[in-house]
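**Student:** Supplied in C-alpha cells, the structure appears directly below.
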Amino acid sequence: RRVISQDIFDLSTTISYAPDGKKAALGHYLMNRYIISILDISSGSFIMDIFDMGDNIYPSWAPDSSRLAYFLKRDDDGYGDIYRINLDGMEQTMLAANQKVTSLFWSPRGDKIAFNANYYDSFLMNSDGSGLYQIDTENFKDQVINWSPDGRSLILGSFQDSTNDPYQYGIYDIETGAY
368 RRVISQDIFD LSTTISYAPD GKKAALGHYL MNRYIISILD ISSGSFIMDI
418 FDMGDNIYPS WAPDSSRLAY FLKRDDDGYG DIYRINLDGM EQTMLAANQK
468 VTSLFWSPRG DKIAFNANYY DSFLMNSDGS GLYQIDTENF KDQVINWSPD
518 GRSLILGSFQ DSTNDPYQYG IYDIETGAY
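Shown next, in the form of C-alpha cells:
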C-alpha cells in the first residue's frame with residue numbers, strides 16, 4: 368500500500384524502518400540541505416523533522432524505536448558530529464565529534480553504535496557516546512556491513528591496501544576483539 372505520495376524526495380533519499388514497524392526515518396533533500404523526517408507509517412504523516420544547521424543524514428534506530436542516531440555534517444569537507452535524539456524531541460545528545468561518517472549502525476541490544484568513517488575506518492562506541500574506539504583488523508581497511516542478530520558481533524567487509532587484494536568478509540567479536 369502507498370504510505371506517502373508527497374513530492375519531496377530525490378535519488379539520494381535514505382530510508383530507515385523503525386524496529387517497531389510503526390515509523391520510518393527519511394533522509395531527504397529539502398531547502399538546500401538534507402533533513403531527516405520521521406514518518407508515522409499508519410497515518411502517512413510526518414511527526415517530526417530533524418534539521419540542525421548542516422546536513423542531517425544516516426539515520427539509525429535504537430532497537431526500542433524511541434531514539435535515533437544520525438550524522439550532522441557541518442561543512443563541505445564532510446566532517447561533523449554524531450547525535451542521538453529522543454523522538455519526543457526533548458533530548459538531543461552529541462555522541463562523537465569531528466568525524467567523517469559514511470554510515471551508522473545501532474546494535475540490536477541497544478548498547479553500542481558502530482559507524483564507518485573516512486571511507487575505510489570502522490569505529491565502535493557505547494550508545495551514550497563513551498568508549499569510542501577504532502576497530503583494528505591488522506592492516507585491513509574495514510567497513511561495518513551489519514550487526515549479528517544477537518548484537519555480539521559485527522560483519523565487516525575488509526581489504527588490504529593493494530587494489531589486487533580480494534574483498535573479504537569476517538566476523539568481529541565486540542567482546543574479545545577477535546576477527
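368 is the number of the first residue of the sequence shown in this note's numbering; add one for each residue after it. For each residue, glycine too, the CB sits at the ideal point set by N, CA and C. None of these values were measured; they are calculated from a predicted model.
Take Gly456 as the anchor and find which of Ser474, Ser433, Gly447 and Leu439 has the nearest alpha-carbon.
**Tutor:** Out of Ser474, Ser433, Gly447 and Leu439, Ser433 has the C-alpha closest to the C-alpha of Gly456.
**Student:** Rounded to whole angstroms, how far is the Cβ of Thr469 from the Cβ of Tyr486, which I believe are closer than 8 Å?
**Tutor:** The pair is a contact, with the Cβ atoms about 6 Å apart (cut-off 8 Å).
**Student:** Suppose the cutoff is 6 Å on Cβ atoms and the five residues either side in sequence are ignored; what does the same chain contact list for Asp540 look like?
**Tutor:** If we look at Asp540 and ignore the five residues flanking it on each side, its Cβ neighbours are Ser520.
**Student:** Rounded to the nearest angstrom, what separates Ala429 and Gln535 at their Cα positions?
**Tutor:** Those two C-alpha atoms are separated by around 28 Å.
**Student:** Under 7 Å Cβ to Cβ from Ala391, same chain only, skipping five residues before and after it: list those, please.
**Tutor:** Only Ile382, Ser383, Tyr384, Ala385, Leu406 and Ile408 meet the Cβ criterion.
**Student:** Hey, would you say Leu439 sits closer than 8 Å to Asn453, going by beta carbons?
**Tutor:** In this structure, Asn453 does not lie closer than 8 Å to Leu439 by Cβ.
**Student:** With a 10 Å radius around its C-beta and 16 neighbouring C-beta atoms as the bar for buried, classify Asp509 as buried or exposed.
**Tutor:** When all chains shown are included, Asp509 counts as buried.
**Student:** Are the beta-carbon atoms of Ser489 and Leu523 separated by less than 8 Å?
**Tutor:** Yes, the pair counts as a contact, with Cβ atoms nearer than the cut-off.
**Student:** Near Asp517, what residues of its chain come up, given a Cβ to Cβ distance below 8 Å and the 5 sequence neighbours on each side ignored?
**Tutor:** Pro475 and Arg476.
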